[in-house]
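For the sequence shown, the residue numbers in the UniProt record's numbering are 1 to 613. The beta-carbon is built from N, C-alpha and C at its ideal position, and this holds for glycine as well. Just so we're clear, the structure is a prediction, and the values are computed from it rather than from any experiment. Below: one structure, written as structure tokens.
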Amino acid sequence: MGTELYARGISYERCFEHLNLTNPELIKSIHLDYVAAGAQIIETNTFGANRYRLAEHGLENQVVEINRAGAKIARDVRDLSEQPIFLAGNIGPLGSPLAPIGNIQPADARAAFAEQTEALLQSGVDLLIIETMSDLAEMREALMAVRSVTDLPVVALMTFGEDGTIISGEDAHAVASTLRDLGANVFGVNCALGPASMFDVAKSMCKYSTEDFFVAVQPNAGLPRRVGNRFIYVATPEYFAEYTRRFLGIGIRLIGGCCGTTPRHIAAMHEVLSELAPTISPEADAQSNTTTLEALRERMQENAAQNTEEQPVTQLAARLQEGRFVISIEMSPPRSVKFTRFLQNATFIHESGADTINITDNAMARVRMNNVAAARLIQHNVGIETIVHFTPRDRNLMAVQSDVIGAYATEIRNILAVTGDPPSHGDFPNSTGIWDVDSIGLISILNNLNKGLDGNRRKLAASTSFFIGCAANPAATDLELELERLQRKITGGAQYIMTQPVFDAGTFMHFINKYQDLYGEISIPILVGLQPLHSYQQAEKFHNEVPGIVIPEEIRNRLRQAGEAGGAVGLEIIKELFDKLQPVVQGAYIMPLDRFELISELIPYIRQRTTRQ
């Protein structure tokens, strides 16, 4: 509903549920589109129509009116369509955590859920769907409230992580047992995950299903990609169709879609139920290489010569300026205060011959140790230089400057400026992003600090000497926007580029050539992103669900044909790709996804081809 409302001109700041009263025809038209696509259940536009969420818009006294109107609109749609569809009263989370973490007492939560349920029942819904709950305690209060006023069927859906647990820590068995005891008729998972990640969670949940207590899934359309101030979901209707087939195969009995799922996705799923095959889009042809490493070196040296201040450079900057090929390995910080294994892996990377380790900043909005602290642990205990990813997602302008100054004081000098993943799709779905600035604004702040100025260009007591990196996505959907942003990053002070994973040489070269056509040759070094794949399933998931990653059909087919030998074939693919890209890049940014044994083969291969004789 939110995706469709935004597409039709309603801003995210509006109260979507209030439209039940102010623009019922708009809500009705969206319901009708989903019914026409083949939906057999439609959910009322009441996800946030509880007293706490409505209070954010000053509408807490209109709970009854908004919920009754939402159910009436859905009932009118059924009458207009003359289809045998079911009306589900939609109940979402309260929007704030319960005590003791938050301020909402359990009894108050139960009263709020009961108030909403009673209002929905007054307009004649057929069932209730309680969804997008991340805390089992909140789900417990919602179910107890519903069961206190009705015996209608109840679908209870929670958000799980890829590790098979919900945010409050319970696994599928604990969730299933609790929901059944509390009176749910259907249990399952929605939101947070795309189809591939949700498949494994759903498969484990199916172990606890019975004929009168079965499993439902409603995945997101992949992970959102940020375009300007908007998030675009990347999973296609065809991809949803394929996973509909897979979900049915493991025994799922109720299937739908959550964030980003359009009527086209539902239509594709409906086709599978009618035994129609999805289509596959062809990939574009590769283009030839035209740029040389020597030209990049010359431009980089010219760029470096413009900096006349005598400031210390990092080892990374020195290696690049000398024309030495750089290899950086990505690591994620630990998920707790324990870091022994983390340092063991960093030591293995160092001893394998990497030049630097780059450390993510709560990637995918999953909570981990602060990466500046993790970087300091590595530099102090292992002795290899680090690159710290830094995002303004979690920090306002004051905190951004405070944190990077603190990082500099603890000898963290290489910074990769990134915008960051939406926090609502990570470990804490009720949290919000800040983004006072994006990655371009962050680069400007870092550049000012290098000049001894703060964000307001006021003189500081001392200047920094950050080596500033920026990200680029050669496979971006909106290529001209990506190129325009890259140009702004470079002119704003970026000194090196680290790309998203590249899987097609032609796509990469088209990106380079297009930039040259628009803005001239790239004046700073590029570290190309390389991500070894280990299976066809992984390739399919990345291609269809992860923003910014495009994996050619040819590669996915090779991995599919490789079967259990997918890991070895994945390495072959990366080596072949590197051989094509090596003449035009100055470094490799390897993302092993914690499979660090891969680098013991990959680093020597790269060194053999890039070491000057």
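Of the listed residues the options, nearest to residue i (C-alpha basis)
{"i": "His389", "options": "Phe466, Leu518, Ile349 and Gly492", "result": "Phe466"}
{"i": "Leu598", "options": "Ile349, Arg140, Leu5 and Val63", "result": "Ile349"}
{"i": "Ile104", "options": "Arg368, Val125, Glu141 and Ile85", "result": "Glu141"}
{"i": "Gly70", "options": "Asn185, Gln116 and Phe508", "result": "Gln116"}
{"i": "Asn220", "options": "Gln321, Gly251, Glu131 and Arg253", "result": "Glu131"}
{"i": "Ala202", "options": "Ile549, Val189, Gly194 and Asn473", "result": "Val189"}
{"i": "Trp435", "options": "Asn396, Asp403 and Ala88", "result": "Asn396"}
{"i": "Ile101", "options": "Leu223, Gly563, Phe428 and Asn370", "result": "Phe428"}
{"i": "Met364", "options": "Asp76, Pro224 and Glu211", "result": "Pro224"}
{"i": "Met398", "options": "Gly455, Gly441 and Ala375", "result": "Gly455"}
{"i": "Asp394", "options": "Arg376, Asp421, Leu87 and Ile378", "result": "Asp421"}
{"i": "Ser328", "options": "Ser336, Val337, Ala317 and Arg335", "result": "Ala317"}
{"i": "Leu248", "options": "Pro195, Val146 and Cys259", "result": "Pro195"}
{"i": "Ile359", "options": "Asn345, Ala375 and Arg366", "result": "Ala375"}
{"i": "Val546", "options": "Tyr536, Ile255, Leu460 and Ala235", "result": "Ala235"}
{"i": "Ile445", "options": "Ser431, Ser535, Ile378 and Thr464", "result": "Thr464"}
{"i": "Arg335", "options": "Gln321, Phe325 and Asn362", "result": "Asn362"}
{"i": "Lys489", "options": "Asn544, Ala417, Ser11 and Val372", "result": "Ala417"}
{"i": "Leu157", "options": "Thr499, Glu138, Thr22 and Ile412", "result": "Glu138"}
Backbone CA spacing between residue i and residue j [nearest angstrom]
{"i": "Leu483", "j": "Phe511", "result": "8 Å"}
{"i": "Ser168", "j": "Leu136", "result": "7 Å"}
{"i": "Val585", "j": "Gln315", "result": "18 Å"}
{"i": "Cys470", "j": "Ile522", "result": "13 Å"}
{"i": "Glu283", "j": "Glu553", "result": "Bear in mind that the predicted position of Glu283 carries a pLDDT of just 30, short of 50, making it unreliable; the figure below should be weighed with that in mind. So the two alpha carbons sit approximately 7 Å from each other."}
{"i": "Ala472", "j": "Asp355", "result": "21 Å"}
{"i": "Thr3", "j": "Ala476", "result": "21 Å"}
{"i": "Leu453", "j": "Gln401", "result": "11 Å"}
{"i": "Asp594", "j": "Ser332", "result": "8 Å"}
{"i": "Asn61", "j": "Gly89", "result": "19 Å"}
{"i": "Glu17", "j": "Arg51", "result": "12 Å"}
{"i": "Ile41", "j": "Val155", "result": "12 Å"}
{"i": "Ala505", "j": "Val125", "result": "54 Å"}
{"i": "Arg8", "j": "His265", "result": "17 Å"}
{"i": "Ile250", "j": "Cys206", "result": "7 Å"}
{"i": "Ala55", "j": "Phe86", "result": "30 Å"}
{"i": "Gly161", "j": "Ala172", "result": "11 Å"}
{"i": "Ala462", "j": "Gln608", "result": "42 Å"}
{"i": "Pro592", "j": "Gly323", "result": "25 Å"}
{"i": "Gly567", "j": "Leu59", "result": "55 Å"}
{"i": "Asp76", "j": "Ala494", "result": "56 Å"}
{"i": "Gly92", "j": "Lys338", "result": "35 Å"}
{"i": "Val35", "j": "Lys72", "result": "16 Å"}
{"i": "Arg253", "j": "Asp200", "result": "16 Å"}
{"i": "Thr610", "j": "Lys580", "result": "13 Å"}
{"i": "Thr386", "j": "Phe596", "result": "17 Å"}
{"i": "Leu5", "j": "Asp163", "result": "32 Å"}
{"i": "Thr178", "j": "Leu152", "result": "18 Å"}
{"i": "Arg560", "j": "Tyr536", "result": "5 Å"}
{"i": "Ile27", "j": "Gln83", "result": "18 Å"}
{"i": "Ala216", "j": "Phe187", "result": "6 Å"}
Residue(s) in a DSSP beta bridge with residue i
{"i": "Ser389", "result": "Looking at the sequence shown, residue 389 is not Ser but His. According to DSSP, His389 bridges with Leu416."}
{"i": "Met1", "result": "Met1 is not bridged to any residue."}
{"i": "Ala588", "result": "Ile327 and Val528"}
{"i": "Ala216", "result": "Gly188 and Leu254"}
{"i": "Ile233", "result": "It should be noted that the sequence gives Tyr, not Ile, for residue 233. Note: Tyr233 sits in a beta bridge opposite Pro224."}
Residue j beta carbon less than 8 Å from that of residue i
{"i": "Ile443", "j": "Gly492", "result": "yes"}
{"i": "Ala588", "j": "Val528", "result": "yes"}
{"i": "Ala119", "j": "Arg68", "result": "yes"}
{"i": "Thr134", "j": "Ile166", "result": "The sequence given here places Ser at residue 134; Thr does not occur at that position. A contact, by the Cβ cut-off of 8 Å."}
{"i": "Ala49", "j": "Val63", "result": "yes"}
{"i": "Tyr233", "j": "Gly260", "result": "yes"}
{"i": "Ser556", "j": "Glu572", "result": "Going by the sequence as given, residue 556 is Arg instead of Ser. No, the Cβ-Cβ distance between Arg556 and Glu572 is not below 8 Å."}
{"i": "Asp438", "j": "Pro474", "result": "no"}
{"i": "Leu143", "j": "Ala107", "result": "no"}
{"i": "Ile497", "j": "Ile468", "result": "no"}
{"i": "Ile524", "j": "Arg485", "result": "no"}
{"i": "His534", "j": "Gly570", "result": "yes"}
{"i": "Pro501", "j": "Leu481", "result": "no"}
{"i": "Leu98", "j": "Ala114", "result": "no"}
{"i": "Ile66", "j": "Thr46", "result": "yes"}
{"i": "Pro532", "j": "Leu602", "result": "yes"}
{"i": "Leu80", "j": "Leu32", "result": "yes"}
8 Å Cβ cutoff, residue i in contact with chain D
{"i": "Asp421", "result": "Among the chains of the structure shown, chain D does not appear; only one protein chain is present."}
Taking the runs of the alpha helix (DSSP H) that are 4 residues or longer, which of them lie wholly in the stretch 494 to 572? 505 to 519, 536 to 545 and 553 to 562
Whole beta strand (DSSP E) elements within the stretch 458 to 499, 3-residue minimum: 467 to 472
Entirely enclosed beta strand (DSSP E) segments - the stretch 54 to 98, minimum 3 residues: 86 to 91
Start-end ranges of the alpha helix (DSSP H) lying completely within the stretch 84 to 165, minimum 4 residues: 106 to 122 and 136 to 147
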